[in-house]
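Chemist: Please find one structure pasted underneath; my questions will follow.
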DNA sequence: AATTATATGTGTAAAATCAACGCAAAACAT
DNA sequence: ATGTTTTGCGTTGATTTTACACATATAATT
């Protein structure tokens, strides 16, 4: 039934948008959807859509994410709400922006989906609406957050190497770390578990495999520990 | 005209709420409004209300703040959006929560306003809706933020002393600093200006007056400096 | 096949930062 | 008057950060 929802005062639309970060040997990238209709036809945009009355923002963001990219069970969190009066030419719209961190290597869907495509973070095409601003804020939020929360691991395979982890941090923070100091500091935190994958480690060129020990991290956090990077 | 706003799909109400922090010799406190009507009649709540179609969230939060407490020209920023389906018994409501930092000493209004009252942070009365949760999140956001942004000064008089500043940090972070180390670290940052108020400083018991040098801070920030506390 | 270059792991010493602490002087309390 | 409190200043040892060199097996080159 159309047009049956009537209110005493006008209300804005409420949507969610999702900035999807992925990481691989080529560095940090984001997943975008090409718009097939006006406005901003041909521009790229974050997956997102209207919040339903029976779901909260995070649920909505996850649902839209799956519907539009096939991605499931990924880390999603709200980072900012955008409410500028003219941000959407179709009408007053408030968007609760989220970012998603996906293990690009282990994930199906995404790229397969019709018009979804990964873009390296330094080659972003023209974006629809105010999505360029949203992206800047998302990047900033991710950078701030990774200093104190072990969310970087959400972007790596379950099992990873120290150089991979360092690449990730360097890509996100856009700084360079000394290899030895980085490894020391990381290992010192005590949240990495060395993974023994059966293969005998001969020579140093094939790196040690690690996994993130989330139980250990939870324990330490409960005791007042604060991750720092 | 009533009931003239009709939409194809249902829409939640969008409101803003404002957690107002103040600080004085008694420590950190927040400003609350007593509810005169159901639901939650007699409970206390943050000032807030419906977002108009011609204002964004921050504008709305500031407007409601002034309307309900008389407070103007204070630091206001968004920190989280709450969208749980049943957070408001009157109907589906999304609230964009802000926190305000007010220079309690220099401010008019506030307390004068009808049912507005300051409560020490450790003696908060029963709150309406999900405002207790919002308060916890607000406190957490403030604590996280003060480590890296000089927002604490928004809670102090323009001119303040080192012990005052230390009290502020200790109240918010709920830790104790060594007096001498705290002063050293603060002065080292280079964002404080010593204020010469004419009076000759004899003896050490009347403390040195400082003000926050925001120009200096902007310059340093532009050069990549990152405040730490 | 031999040679060279590259990626990875490990340790140490200097520098910088942090943490704990003592002392002196004027104001305040008694 | 006398003792207590508040404030400012500076020192020293501990901890953390930074800078840096070498050994080894794989990968690349010739």
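Residue numbers (this note's numbering), protein chains in the order written: chain A, 1 to 229; chain B, 230 to 458. Backbone N, C-alpha and C define an ideal beta-carbon position, used for all residues, glycine too. These numbers were taken from a predicted model, which means no experiment stands behind them.
Do residue 138(A) and residue 99(A) have their beta-carbon atoms positioned less than 7 Å apart in this structure?
Modeler: Yes, Cβ-Cβ distance for residue 99(A) and residue 138(A) is below 7 Å.
Chemist: Quick one: what does DSSP say residue 217(A) is sitting in, helix, strand or coil?
Modeler: It is helical.
Chemist: Where are the alpha helix (DSSP H) runs, 4 residues long or more, that stay fully inside the segment 316 to 347 of chain B, in chain order?
Modeler: As far as the segment 316 to 347 of chain B is concerned, it has no whole alpha helix (DSSP H) run of at least 4 residues.
Chemist: Got a sec: is the Cβ-Cβ distance from residue 374(B) to anything in chain A below 7 Å?
Modeler: With 7 Å as the cut-off, residue 374(B) does not count as an interface residue toward chain A.
Chemist: Residue 234(B) versus chain A: which residues are under 8 Å apart at the beta carbon?
Modeler: Correct list: 6, 7, 8, 9, 10 and 11.
Chemist: At least one CB of chain A closer than 7 Å to the CB of residue 350(B): is that the case?
Modeler: Not an interface residue.
Chemist: From which residue to which residue does the beta strand (DSSP E) around residue 195(A) run?
Modeler: First-last of the beta strand (DSSP E) with residue 195(A): 192 to 195.
Chemist: Using the beta-carbon of each residue, which ones in chain A are nearer than 7 Å to residue 310(B)?
Modeler: Within 7 Å Cβ-Cβ: 57, 78, 81 and 96.
Chemist: Short check: CB of residue 193(A) to CB of residue 218(A), under 7 Å?
Modeler: Contact: no.
Chemist: In the DSSP assignment, the alpha helix (DSSP H) including residue 202(A) goes from what residue to what residue?
Modeler: That residue, residue 202(A), is in no alpha helix (DSSP H); it is neither H nor E in DSSP.
Chemist: What does the Cβ neighbour count give for residue 46(A), buried or exposed, with the cut at 16 atoms within 10 Å?
Modeler: By the 10 Å Cβ count, residue 46(A) comes out buried.
Chemist: Report yes if the CB atom of residue 104(A) is closer than 7 Å to the CB atom of residue 24(A), and no otherwise.
Modeler: A contact, by the Cβ cut-off of 7 Å.
Chemist: Look at residue 29(A) and residue 119(A) and say whether their C-beta atoms are less than 7 Å apart.
Modeler: Contact: yes.
Chemist: Answer yes if the segment 190 to 208 of chain A comes into contact with the segment 236 to 253 of chain B, meaning at least three C-beta pairs across the two stretches below 8 Å, and no otherwise.
Modeler: The segment 236 to 253 of chain B is not in contact with the segment 190 to 208 of chain A.
Chemist: Can you list, in chain order, the residues of its chain whose CB lies under 8 Å from that of residue 313(B), leaving out five sequence neighbours each side?
Modeler: Here the set comprises 359.
Chemist: What did DSSP end up calling residue 440(B) once you bin it into helix, strand or coil?
Modeler: Note: residue 440(B) maps to strand in three-state DSSP.
Chemist: If you run the structure through DSSP and keep just helix, strand and coil, what is residue 253(B)?
Modeler: Of the three classes helix, strand and coil, the one that applies to residue 253(B) here is strand, per DSSP.
Chemist: Whole angstroms is fine: what's the gap from residue 387(B)'s alpha carbon to residue 144(A)'s?
Modeler: So the two alpha carbons sit approximately 29 Å from each other.
Chemist: Hey, quick one: how far does the beta strand (DSSP E) through residue 140(A) stretch, first residue to last?
Modeler: From DSSP, residue 140(A) is part of no beta strand (DSSP E) but of the alpha helix (DSSP H) over 131 to 146.
Chemist: At the level of alpha carbons, what is the spacing between residue 396(B) and residue 449(B)?
Modeler: Distance between the alpha carbons of residue 396(B) and residue 449(B): 25 Å.
Chemist: Would residue 95(A) and residue 61(A) be called neighbours here (beta carbons separated by less than 7 Å)?
Modeler: Their beta carbons are not under 7 Å apart, which means residue 95(A) does not touch residue 61(A) by this criterion.
Chemist: Anything in the segment 176 to 207 of chain A with a Cβ closer than 8 Å to a Cβ of chain B? List those residues in chain order, please.
Modeler: If the cut-off is 8 Å between Cβ atoms, the segment 176 to 207 of chain A has nothing near chain B.
Chemist: DSSP state of residue 183(A), grouped into three classes?
Modeler: Residue state, collapsed to three classes: helix.
Chemist: Leaving out five residues before and five after residue 91(A) in sequence, what residues of the same chain have Cβ atoms less than 7 Å from its Cβ?
Modeler: Contacts found: 13.
Chemist: With H, G and I counted as helix, E and B as strand and the rest as coil, what does DSSP make of residue 470(B)?
Modeler: For residue 470(B) there is no data in the structure shown, the boundaries of chain B being 230 and 458.
Chemist: By the DSSP assignment, the beta strand (DSSP E) with residue 291(B) in it spans what residues?
Modeler: From DSSP, residue 291(B) is part of no beta strand (DSSP E) but of the alpha helix (DSSP H) over 286 to 298.
Chemist: Based on the DSSP secondary-structure assignment, which residues constitute the bridge partners of residue 233(B)?
Modeler: In DSSP, residue 233(B) forms no bridge with anything.
Chemist: What residue range is occupied by the uninterrupted beta strand (DSSP E) comprising residue 38(A)?
Modeler: Unbroken run through residue 38(A): none, as it is neither H nor E.
Chemist: By the criterion of Cβ-Cβ separation under 8 Å, what are the contact partners of residue 2(A) in chain B?
Modeler: Correct list: 237.
Chemist: Hey, how far is the Cα of residue 370(B) from the Cα of residue 140(A)?
Modeler: Looking at the two C-alpha atoms, the distance is approximately 16 Å.
Chemist: Is any beta-carbon of chain A found at less than 7 Å from that of residue 321(B)?
Modeler: Closer than 7 Å: yes.
Chemist: When you compare only the Cα positions, how much space is there between residue 287(B) and residue 248(B)?
Modeler: Spanning the two alpha carbons is a distance of roughly 13 Å.
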